[in-house]
Amino acid sequence: MGVRSPHRRVNLNFILGNGGWRGTPPPPGPLKSADLPGKNILDAHVHLVYILCMAHEPKTLQEAIAYFSDPERAFQYAVKMRFPDGRIYCPRCGAEKFSFIKTRRIWFCYACKKQFTVKVKTIMEDSALGLDKWMVAIWMLANCKNGISSHELARSLGITQKSAWFMLQRIREALKERSFGGTKLGGSGSEVEADETFVGGKASNMHTGRRKAQEAKGPLMNKTIVQGMYDRELRKVRCTVIPNVRRDTLQNMLLKNIKYGSTVYTDNAVGYDKVSYNFVHDVINHTQEYVRGRVHTNSIENFWSLLKRGLKGTYVCVEPFHLSRYVDEQVFRFNNRKEHGHKITDAERFAAAMSGLAGRRLTYSDLTGKSDSPHHEATGTRTEVQEPF
Ligand SMILES: [Zn+2]
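When the letters of the sequence shown are read in order and numbered with the working numbering, they come out as residues 3 to 391.
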């Protein structure tokens, strides 16, 4: 009947060593709506999210595993993240009239006559995996510098590789920068570096049939192109997978993402030859030099090397279709390394990742194009929930 031992541990002995968290973790503190600037926790920046949600909570992976192994504590934490102002409502219809079934940690909405869990309308919807596993997976992905493979996660959590892969893809969805497209980088007097990189497996590692098909298309056709922009003032990067390096593609992305009048540094690729129509444009010709005063693209290139290190080391094969999610993941870690001169801690990065949980979900068919979900039907509105988490 899905009864869980309150202290069920996640199998992570390789990280825990012999120690483990011995102290009694403090109970999660109440969240006051007055402390929040907006209704939504996503309006708050990383540090505030942290202060509100994590100040008395785990600081390391080891502590996180111990902390979230208690289902009640994991539940309370998820509720705080899901309903940051403390006002619980039905995620399906918005009604605030419901009853709470404490033993099963689910609500019953009087308006739409359906049950809802804290997972409904989040990346965790439809997942039969417990909150303890989700929290630990989110912690690991948010904080492991080079990422974590589905095989590693599967071993760590004692789940199948397929489940782990699905979990990681959903978490990456939560890590996607929400501001993308909303606010632009740069501004008058600000400097932005723009560059693109080719990502792709070596032809020699490919299956013969696939290699032949790829080679027929031309030398760079087996590569996926990622365009990136680095705002020197914000010290943040923004990346997109693009279909080609034609002038209109490259320049449209700049126009979409950079404020008019910013100073833009690029290399001398032909695709950037009309950038000066909208921006102050300075070019560095990499056949001659790499830095000329402030004119260089070293920061965005530094990001490319981080991205490629992660892809090479951890993710052995990434289909072009999924590459944008891996890019989102690396962008999240890069953009959440420092804020206003303060080095962001693991706990803060975890809180930031958790804040992207709600309002996003990916179904099995979204991810794979197949409809045979290993979990339940795509809507996740099944009523007989055995295990709420
Ligand atoms: Zn409802």
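Quick reminder that beta carbons are idealized off the backbone N, C-alpha and C, glycines included.
Rounded C-alpha distance that separates residue i from residue j
{"i": "G2", "j": "K225", "result": "Residue 2 lies beyond the residue range present for the chain, which begins at 3 and ends at 391; the question has no answer from this structure."}
{"i": "C114", "j": "Y91", "result": "12 Å"}
{"i": "H298", "j": "G188", "result": "16 Å"}
{"i": "R296", "j": "H283", "result": "12 Å"}
{"i": "F305", "j": "F336", "result": "8 Å"}
{"i": "S192", "j": "R351", "result": "27 Å"}
{"i": "H344", "j": "K147", "result": "18 Å"}
{"i": "N300", "j": "Y292", "result": "8 Å"}
{"i": "T309", "j": "T268", "result": "The question names Thr, but residue 309 in the sequence shown is Leu. Computed Cα separation, rounded: 19 Å."}
{"i": "P73", "j": "S151", "result": "26 Å"}
{"i": "K78", "j": "S326", "result": "In the sequence as displayed, the identity of residue 78 is Gln instead of Lys. About 32 Å."}
{"i": "R237", "j": "K340", "result": "8 Å"}
{"i": "T119", "j": "S264", "result": "46 Å"}
{"i": "I67", "j": "K104", "result": "23 Å"}
{"i": "Q332", "j": "Y69", "result": "26 Å"}
{"i": "G230", "j": "L313", "result": "16 Å"}
{"i": "R174", "j": "Y328", "result": "7 Å"}
{"i": "P27", "j": "E59", "result": "Confidence in P27 is poor, its pLDDT being 42 and thus under 50, which makes the residue's placement too unreliable to answer from."}
{"i": "G132", "j": "E179", "result": "26 Å"}
{"i": "I260", "j": "K186", "result": "5 Å"}
{"i": "V266", "j": "L177", "result": "27 Å"}
{"i": "F168", "j": "A139", "result": "11 Å"}
{"i": "F323", "j": "S101", "result": "42 Å"}
{"i": "G31", "j": "H153", "result": "Confidence at G31 is low in this model, with a pLDDT of 47, below 50, so its placement is unreliable and the value that follows should be read with caution. Taking the straight line joining both Cα atoms gives about 35 Å."}
{"i": "G149", "j": "R248", "result": "31 Å"}
{"i": "L155", "j": "T316", "result": "11 Å"}
heavy atom of ligand 1 below 7 Å from residue i C-beta
{"i": "A97", "result": "yes"}
{"i": "K123", "result": "no"}
{"i": "C146", "result": "no"}
{"i": "R84", "result": "no"}
{"i": "R94", "result": "yes"}
{"i": "C241", "result": "no"}
Any non-hydrogen atom of ligand 2 within 7 Å of residue i CB
{"i": "C114", "result": "Among the ligands present in this structure, namely ligand 1, ligand 2 is not found."}
Reduced DSSP category for residue i - H, G, I as helix; E, B as strand; rest coil
{"i": "E235", "result": "coil"}
{"i": "E193", "result": "strand"}
{"i": "F85", "result": "coil"}
{"i": "L359", "result": "coil"}
{"i": "R351", "result": "helix"}
{"i": "I90", "result": "coil"}
{"i": "L170", "result": "helix"}
{"i": "G211", "result": "helix"}
{"i": "L131", "result": "coil"}
{"i": "K186", "result": "coil"}
{"i": "E59", "result": "coil"}
{"i": "V228", "result": "strand"}
{"i": "E179", "result": "coil"}
{"i": "V138", "result": "helix"}
{"i": "E65", "result": "helix"}
{"i": "S151", "result": "coil"}
{"i": "D74", "result": "Here the sequence assigns Glu to residue 74, which means Asp is not the residue at that position. In this structure, E74 counts as helix in the three-state DSSP scheme."}
{"i": "R240", "result": "strand"}
{"i": "K345", "result": "strand"}
{"i": "T199", "result": "strand"}
{"i": "T124", "result": "strand"}
Those runs of the beta strand (DSSP E) which lie wholly inside the stretch 255-341 and span at least 3 residues: 265-269 and 282-286
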